[in-house]
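Enquirer:
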Amino acid sequence: MDCERGAADRTNARKRKLGGEAGAAAAAVRQRAGSTGIGDPRTVATWNANGLAPRCSGGRIHELSRLVNMTRNPDVILVQEARLKAADGPPSYGGREGGGWRDRSRPSPSEYGAVKCCFRGGGKARPPFGEYESLWSLSDKRYAGTLTLVRRDLFSSSPSGVGSWEEWKDQNAAFSFDGAMEMMMDAYGGVVDRDEVGYEPTEDASTCVEKTSASSGGGNKRSPGGKRDNGSNGGPRQSSMSAFLSLHSSKPKEKKRKSSESTDDARRRRRRAHHVEGRVQYLRFPTLDVLHTYVPNNGTREDQFARRRDWDGRVRRFLEARSRVLAAAGDAGRPVLWAGGLNAWAD
Numbered sequence: 421m422d423c424e425r426g427a428a429d430r431t432n433a434r435k436r437k438l439g440g441e442a443g444a445a446a447a448a449v450r451q452r453a454g455s456t457g458i459g460d461p462r463t464v465a466t467w468n469a470n471g472l473a474p475r476c477s478g479g480r481i482h483e484l485s486r487l488v489n490m491t492r493n494p495d496v497i498l499v500q501e502a503r504l505k506a507a508d509g510p511p512s513y514g515g516r517e518g519g520g521w522r523d524r525s526r527p528s529p530s531e532y533g534a535v536k537c538c539f540r541g542g543g544k545a546r547p548p549f550g551e552y553e554s555l556w557s558l559s560d561k562r563y564a565g566t567l568t569l570v571r572r573d574l575f576s577s578s579p580s581g582v583g584s585w586e587e588w589k590d591q592n593a594a595f596s597f598d599g600a601m602e603m604m605m606d607a608y609g610g611v612v613d614r615d616e617v618g619y620e621p622t623e624d625a626s627t628c629v630e631k632t633s634a635s636s637g638g639g640n641k642r643s644p645g646g647k648r649d650n651g652s653n654g655g656p657r658q659s660s661m662s663a664f665l666s667l668h669s670s671k672p673k674e675k676k677r678k679s680s681e682s683t684d685d686a687r688r689r690r691r692r693a694h695h696v697e698g699r700v701q702y703l704r705f706p707t708l709d710v711l712h713t714y715v716p717n718n719g720t721r722e723d724q725f726a727r728r729r730d731w732d733g734r735v736r737r738f739l740e741a742r743s744r745v746l747a748a749a750g751d752a753g754r755p756v757l758w759a760g761g762l763n764a765w766a767d
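Just so we're aligned, residue 421 is where the sequence shown starts under the working numbering, counting upward by one.
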């Protein structure tokens with residue numbers, strides 16, 4: 421009996437010690453986020469642009485300015501379907517026109533030229549996004565892509581917001597599910613055991629390329645019978661939010677033998693990688709996380725249904741792993757705002 425009581429006391433003491441370390445880690449994360457001078461957003465707007473370049477051309481830029489004013493200049497604007505090509509990467513990484521490594525964090529110079537009037541004033545009119553900093557995640561072509569705009573006055577430590585912005589986005593922005601998980605694991609500084617979290621990387625660490633069909637884009641297509649197919653002909657209809665939350669329940673997986681992809685280099689690559697179509701952004705503010713996604717349309721063909729099921733499974737696995745990380749770090753109450761183009765209906 422004494423041995424059992426002693427073992428229980430040691431176990432409880434270890435739990436209290438780990439709990440204290442986790443709570444301290446969570447507090448340190450919040451303190452680091454606050455030290456960059458950024459505050460939590462109070463207003464967030466989401467907008468499917470259906471192509472940003474046409475919205476920033478001619479007289480339509482005034483419509484865009486009115487839209488921003490009507491929403492009372494929100495602290496954060498989430499934009500989906502930017503539809504701008506990513507820039508070529510440095511030549512040393514194979515970056516070149518028409519191929520090679522892409523810098524998905526910015527548009528190519530020619531693409532940015534079509535929208536820069538929305539960000540920089542070229543005349544008397546104030547640009548609609550002139551008071552915002554930008555986070556881009558773009559595709560290789562004019563397809564999909566996301567943009568997150570953060571108001572500069574959220575930053576209190578720098579009048580221009582530039583210095584603190586660079587520091588904040590380097591530590592608190594990720595552009596894939598794997599990158600977001602690596603960011604959280606780094607943020608909690610070794611308190612969380614990676615094996616206990618049980619999150620398996622879902623994308624290639626170096627290129628973040630998905631194995632999807634190039635023709636599996638969104639939108640309703642005509643079925644072989646010539647009628648519009650909304651997904652009811654032989655396949656699942658578009659997911660509702662309640663259906664999503666009840667599906668894709670995770671099953672315990674056997675631990676896999678660590679491979680070369682579990683090295684620190686692979687983790688760093690995953691941390692900085694973007695989703696290949698620019699569909700994911702994850703931001704950490706002092707007491708709030710924001711998951712910004714442009715969800716693939718359910719489509720009309722079986723390969724598109726499979727693509728959407730795969731996407732939904734990835735999102736659910738990520739959110740479940742996030743909950744485990746926060747619980748282990750003593751920060752279980754930390755909220756996440758999931759917004760963007762969700763391609764789902766509300767029940």
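The beta-carbon is built from N, C-alpha and C at its ideal position, and this holds for glycine as well.
On a predicted model such as this, the values are computed, not experimentally measured, just so you know.
(1) Helix, strand or coil for SER557 per DSSP?
(2) If we require 4 or more residues per run, which alpha helix (DSSP H) segments fall completely within the region 718-767?
(3) Please say whether VAL570 and GLU587 have beta carbons closer to each other than 8 Å?
(4) Per the DSSP calculation, VAL467 is bridged to which residue(s)?
(5) So MET604 and VAL745 are in contact, right, with Cβ under 8 Å, and what is the actual spacing, rounded?
(6) Which residue's Cα is closest to the Cα of ILE497: ALA506, ARG754, LEU484 and VAL696?
(7) Can you look up VAL488 in the DSSP assignment and give me helix, strand or coil?
(8) With respect to the beta strand (DSSP E) encompassing ARG704, which residues constitute its N-terminal and C-terminal limits?
(9) Report back the beta-carbon spacing between PRO527 and LEU504 to the nearest angstrom; my notes put them in contact at under 8 Å.
(10) Over the uninterrupted alpha helix (DSSP H) stretch that includes PRO529, give me the two end residues.
(11) Report yes or no: do three or more beta-carbon pairs, one from the region 475-493 and one from the region 689-699, lie closer than 8 Å?
(12) Quick one: is ALA749 buried, meaning 16 or more other Cβ sit within 10 Å of its Cβ, or exposed?
(13) List the endpoints of the continuous beta strand (DSSP E) containing PRO617.
(14) Express the C-alpha separation of ARG522 and PHE725 in angstroms, rounding to a whole number.
Expert: Put simply:
(1) Against the sequence shown, residue 557 aligns to sequence position 137. Correct three-state label for SER557: strand.
(2) 722-748
(3) Taking the sequence shown and counting its residues from 1, the one referred to as residue 587 is at position 167. Taking the sequence shown and counting its residues from 1, the one referred to as residue 570 is at position 150. The answer is no: Cβ separation not under 8 Å.
(4) The count along the sequence shown starts at 1 and reaches residue 467 at position 47. Correcting the residue type first, residue 467 is Trp in the shown sequence and not Val. Residue pairing by DSSP places TRP467 opposite VAL499 in a beta bridge.
(5) The residue you call residue 604 lines up with position 184 of the sequence shown. The residue you call residue 745 lines up with position 325 of the sequence shown. MET604 to VAL745, Cβ: 5 Å. Contact.
(6) Walking along the sequence shown from the start, residue 497 turns up at place 77. It is LEU484.
(7) By one-based count along the sequence shown, residue 488 stands at place 68. When secondary structure is reduced to three states using DSSP, VAL488 falls in the helix class.
(8) Position 284 of the sequence shown, counted from the start, is the residue given in the question as residue 704. Per DSSP, ARG704 belongs to the beta strand (DSSP E) from 700-704.
(9) One-based indexing of the sequence shown puts residue 527 at position 107. One-based indexing of the sequence shown puts residue 504 at position 84. Taking a contact as a CB-CB distance under 8 Å, the pair PRO527 and LEU504 counts as one, their CB atoms being some 4 Å apart.
(10) Numbered from 1 along the sequence shown, position 109 holds the residue referred to as residue 529. Note, PRO529: alpha helix (DSSP H), 529-533.
(11) no
(12) For the purposes of this step, residue 749 is taken as residue 329 along the sequence shown, with counting starting at 1. The residue is buried, with at least 16 neighbouring Cβ atoms inside 10 Å.
(13) Locating residue 617 in the sequence shown gives position 197, where the first residue counts as 1. Here residue 617 is Val; the residue named in the question, Pro, does not match the sequence. Run containing VAL617: none in the beta strand (DSSP E); it sits in the alpha helix (DSSP H), 614-617.
(14) Sequence index remark: in the sequence shown, residue 725 carries index 305 (1-based). Sequence index remark: in the sequence shown, residue 522 carries index 102 (1-based). Straight-line Cα distance between these residues: approximately 28 Å.
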